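Our numbering numbers the first residue of the sequence shown as 101 and each following residue consecutively.
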Amino acid sequence: MIPNLQHTSPVQAHYLDFLNTLSRRGFKGDISPDYANRTVLATDNSIYQVLPQGVVYPKHTGDLILITQLANEELYRDIVLSPRGGGTGTNGQSLTDGVVVDISRHMNQILEINVEERWVKVQTGVVKDQLNAFLKPHGLFFAPELSTSNRATIGGMINTDASGQGSCLYGKTRNHVLELQTVLLDGSVLNSQTLDAQAYEALAEQQDRTGLIHRVVDSIYKEHKTKIDEVFPPLNRCLTGYDLAHIRDENDQFNLNNILCGSEGTLGFITEAKLNLLTIPKHSALVVVKYGDFEKSLRDATELMKAKPTSIETIDSKVLNLAMNDFVWHQVEEFFPDDTAEPVQGINFVEYTADDEAELDQKVQTLLHNLKASVADPNSPRIGYALAKGSAAVNRIWGMRKRAVGLLGNKEGEARPVPFVEDTAVPPEHLADFIMEFREILDAYKLEYGMFGHVDAGVLHVRPALDMKDPEQAKIAWEISDRVADLTHQYHGLLWGEHGKGVRSEYAPQFFGELYPQLQRIKATFDPYNQLNPGKIATPSDEHNLLKINEVTTRGELDRVISKQSWTQFEEAVYCNGNGACFNWNTADQMCPSYKVTRQRVNSPKGRASLVREWLKLLSENNFDTVTAAKRKSALTAIAGLPKRLFSSLRKKLGVYDFSHEVYDSMAACLACKSCTGQCPIKVDVPEFRSKFLSLYHTRYMRPLKDYLVGALEFMLPVCAKFPGVYNFFMKLRFVQLLLEKWVGFVDGPLLTGTRLAGYKLTVDANGTQAEIELASPDKLANLTQEQREKTVVIVQDAFTSYFETQLVIDTIQLLKQLGFNALLAPYKANGKPLHVHGFLGSFADTAEKNAKMLNSISACGVALVGIDPSMTLTYRSEYKKYLSKQAMPKVELLQEFLDARLLAANTNAEQSIEFKLMPHCTETSNAVGTIKMWQSVFTKLGHSLTILNAGCCGMSGTYGHEARNKESSQALYQMSWQKPVEQHAPSGTLLATGYSCRSQVKREAGEIILHPVQALLANITVS
């Protein structure tokens, strides 16, 4: 039995008083002093972990004014505030031991657009991809490109002055900021924009905080202009935070935005932004240039720049190899043919964009002509190239490049690439020499590392692999940091190219030199009491200190507490590096529907992984052995522990605190859809560690009745199916429905079809020939010839299609027979997935072993096994893999895999070619992405066409949508993702779905019956 985890790090009384006062004064947003929210927001994508005292989610600017006014009162001038956007910082920019102010949950609206003047006004919680999706119909986009664009907020981009791919053409974020609205620490609102002399004088004369800020900043520029020009290197990545070099522009106009951009929340809360927009280039192309030596790829970038591309990006072989094992590879592998004589060690991506296609073609052909000649030259560093043309193809490659940041964290072993020296910028012509010396530093410590970045701008992201749990390796990180800082300074570069300063502000005095006191003047003017994200960029005076890289708590320090056995047991959670891919804004993307529908970070894979790590740490501090506790107990032991579980559950109802309850609430909101498993670059697997958590949690607390109902469903259905009329009669009774909802927690249970599969008579050809559905057995299969076995396919039953959608099983067998296959039905046995989802791991292992034994006995006869429902079928590749030996795992194909491989030239006729639309199952899309195209291939072979619709999650996900506590969020997810395409396509009869749960959700929410792909094919082909 797990212990009660009552003793966590409590909120300091002073901070609790501040938060309570904030609530009493009318704060409209959310206030979260709970340990779960604090734990999740204690980390970002950096190596650090700092536990805040609380988290607030303001609803509007008025809330921010209330926060700052209260913090400015004398009683609360020691309260620390730190703004947070996407939380993807690599230097701990938004981490604080005070109050996190997260504006992304509510302040995420696009306020106004002027297409003619090409500007947009937004709240700063808007995500970059969200903004560009809104702008695309107008032919416009917000330019600075980031690898984290699907979760990075505009506020985060402004506060780090972010940039990325294409910065030589598009510049940094500040180059596109027209106006900012900032709430200052005294509660006043500062509106900043480019000012001519008259406008500046008017503001500078004001006797308030705004006037003082303008006077101080301008005086710094005038008094130190010569020194500023001397200290700030002339790089594409200028020395931001605070950007003294651009206080005034080339027309001598004053622009405070260039101080605020890159200020990392140390000066105020930026709430709204007016942004400059650019027109989307009409044509694009990208050339993939391969090298046998990474150094040569860097040195060649200077030569490639002479061809005047839009951008040049690079990755090394480590990043490339990790991408090959990621789901994204299926989208780009055609551009990376294995056609070089030597291994590829580096790649340059050379992009061209233009509004005139002829102009684009001329530039690309000039480069291709040059490449063709050089590849043929044995002395050339280039060993191959490929061309991607058109925005769709180019965007797929950039999508792969964007995942490089996260992919590096997926390296095997405890030492994994981590960010602590990965943002240097030097003059591009010196980049190769700089990187060679950089590599010498790392090689001296015998470290592995991955590299990627923007060679055209002289920025390369280098991530050495370290196990930060090891104190000795942590020391190496600090030594390397100091040596790289010195090396960067030697090359007249910057330590912070585009990812901000954060904790690494320690080096600011070294790089700013004599100008650092002027940064302190700016900080003191905005934040005299050092309350806003203190210790970063600059302090208001020498009485305060900058943070030190080796004095801020790291995640590794805290992870050391977790026992090695527990760390290994929960390996699906503990390696999360906080890259935040699960905060993906796009509702048409499958990644983590529970986060999308709640907007609560505790309900994301990153949040759940953080909670489990903290839970394991607390258990280890209590000397609790999770591995022993997870071992299956005897029935007598379980019964003997019942009184204790009942007592603990009673205490839970009475409100007795246990951190495990906060973890449980987060896990209960998970759909177990496995999208995280496929789409997270680190391969965080929430359904797996969720099951392990539930298994342990319920050693102390009673399970809800619905867990037993769902877990037993696969075993009860064969019995209920013997009396379908009785079962359906009771399931339709309102009294029974209320009982299930209120007492069991189960709603909208499906009805049995009442059709018995074995012996069902099918019509298998146009002549009316009939055949019965036969059950497969080793004895029966042994009598088949080798030729017959090659044409035999055995359908593996699952509870949902066999008992609730029996006609689909019949139609599948009928289609296969019409296509010339000998289709048989495997005897029904429980798959076990519902047991796994709810943490009945001992029972799941037993069920998997029995089912696998039966399926392997059939497979051993040399016939194919095929499953109908994607989620249940993929269980054989995922969940079974973790509980069975490799030899015991049955090989069960998805329907489309079987059909695509065997339908070489089907002898069929389609009376009329029909264009169908397919909405695949989430698990299928995320974990078997390459198989989706197979459906298109099958439809093409059978005379029809198929378009894949990307629509996110339907909201049902197995039995999730049938659980009473989840019904509201299930319906919200449907409305968010599936409602529109269903309304658009379902009435025509051309909309298809592969998932049983998806079709069930459409039936429940829209009253529409949509078909499985095989049913559409069966109805629309004729075998001749």
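Idealized CB from N, CA, C, for every residue including glycine. Computed from a prediction, not measured in an experiment: that's the story for all the values here.
Check: Residues near A1006 by beta carbon distance below 7 angstroms, same chain, minus five either side; Outcome: The predicted model places A1006 with a pLDDT of 49, which falls under 50 and marks its position as unreliable; any figure quoted below should be read in that light. The residues are L919, K1041 and L1042.
Check: Stretch pair the region 309-323 + the region 611-628: three plus CB contacts closer than 8 angstroms; Outcome: yes
Check: Three CB pairs or more closer than 8 angstroms across the region 185-195 and the region 140-155; Outcome: yes
Check: Burial state of N1027, where buried means 16 or more other Cβ atoms lie within 10 Å; Outcome: buried
Check: Inter-residue Cα distance where the pair is P1113 and A441; Outcome: 43 angstroms
Check: Reduced DSSP secondary structure (H/G/I, E/B, other) of Q149; Outcome: strand
Check: Rounded straight-line distance, which links the Cα of E1024 to that of G1055; Outcome: 15 angstroms
Check: The region 516-530 contacting the region 375-383, beta-carbon criterion three pairs below 8 angstroms; Outcome: no
Check: Distance cut-off 7 angstroms: V180 Cβ against heavy atoms of the ligand ADP; Outcome: Judged by which ligands are present, the structure shown has none, so any question about the ligand ADP falls away.
Check: A1064 versus G849, L175, S760 and V555, residue with shortest Cα-Cα distance; Outcome: G849
Check: Contact under 8 angstroms by Cβ, L377 with L235; Outcome: yes
Check: Three-state secondary structure (DSSP) of D400; Outcome: helix
Check: Under the three-state DSSP convention, the category I580 falls into; Outcome: helix
Check: Close beta carbons around H107, own chain, < 7 angstroms, minus the five adjacent residues each side; Outcome: none
Check: Residue environment, H469, which counts as buried when at least 16 other CB atoms sit within 10 Å; Outcome: exposed
Check: DSSP state of A53 mapped onto helix, strand, coil; Outcome: The first residue shown for the chain is 101 and the last is 1124, placing residue 53 beyond what the model contains.
Check: Where the beta strand (DSSP E) through H383 begins and ends; Outcome: H383 to Y391
Check: Proximal residues to V844 (C-beta, below 7 angstroms), its chain only, five neighbours per side dropped; Outcome: L805, K806 and L809
Check: Proximity of D144 and G187 at Cβ, strictly below 8 angstroms; Outcome: yes
Check: Backbone CA spacing between K774 and S971 [nearest angstrom]; Outcome: 9 angstroms
Check: Per-residue DSSP class, three states only, for Q106; Outcome: coil
Check: C-alpha gap between G189 and G600, whole angstroms; Outcome: 8 angstroms
Check: Neighbour-count burial assignment, E905, 16 or more Cβ in a 10 Å radius; Outcome: buried
Check: Simplified DSSP assignment, three categories, for F900; Outcome: helix
Check: C-alpha gap between V963 and V909, whole angstroms; Outcome: 18 angstroms
Check: Residue range of the beta strand (DSSP E) that includes N60; Outcome: With the chain running from 101 to 1124 in the structure shown, residue 60 is simply not present.
Check: C-beta atoms of G932 and H1021 nearer than 8 angstroms; Outcome: no
Check: Under the three-state DSSP convention, the category K861 falls into; Outcome: strand
Check: Best match in C268, F127, E614 and D202 for proximity to D329 [C-alpha to C-alpha]; Outcome: E614
Check: For T282 and T371, the rounded distance between their alpha carbons; Outcome: 6 angstroms
Check: Local Cβ density within 10 Å of R496, reported as buried at 16 or more and exposed below that; Outcome: buried
Check: Inter-stretch contact at 8 angstroms, needing at least 3 Cβ pairs: the region 859-867 / the region 880-899; Outcome: no
Check: N- and C-terminal bounds of the alpha helix (DSSP H) containing A945; Outcome: L941 to S959
Check: Span of the alpha helix (DSSP H), counted from its first residue to its last, around G192; Outcome: Note, G192: premise wrong, no alpha helix (DSSP H); not H, not E.
Check: C-beta atoms of N633 and T340 nearer than 8 angstroms; Outcome: no
Check: Ranges of the beta strand (DSSP E) found wholly within the region 291-376, counting only runs of at least 3; Outcome: 369-376
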